[in-house]
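Below: the structure, in structure tokens.
Here it is, written out as structure tokens:
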């Protein structure tokens, strides 16, 4: 039997999202819900709801995906959770003033 690695997104009581990774999902969820780590981000933001779960057979793939999600805004995470692919694409577009779409030559 091969090991599985789970990347998850929790909705916190304050409306923020927490992204994590574990190979023991049930145990990790209990730790979050019981504030097993009192100084952790989720400890003061309970109750928590599991909103998204992706499972990987490779720990490297799971870590890479978790890091990617941690860099996302709350809006992007919400679009992923709700399966709004078009909104996710729109939120992923570059919006800074140097982007080719906004660049005005000399």
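In UniProt numbering, the protein residues as written are 1 to 106. We treat Cβ as the ideally placed atom computed from N, Cα and C, and that holds for glycine.
Which of helix, strand or coil DSSP assigns to residue 56: strand
For the beta strand (DSSP E) that contains residue 6, what are its first and last residues? 5-11
May I have the straight-line CA-CA distance separating residue 57 from residue 91, to the nearest angstrom? 29 Å
Helix, strand or coil, according to DSSP, for residue 74 in the structure here? helix
Return the CA-CA distance between residue 87 and residue 71, expressed in angstroms with no decimal places. 17 Å
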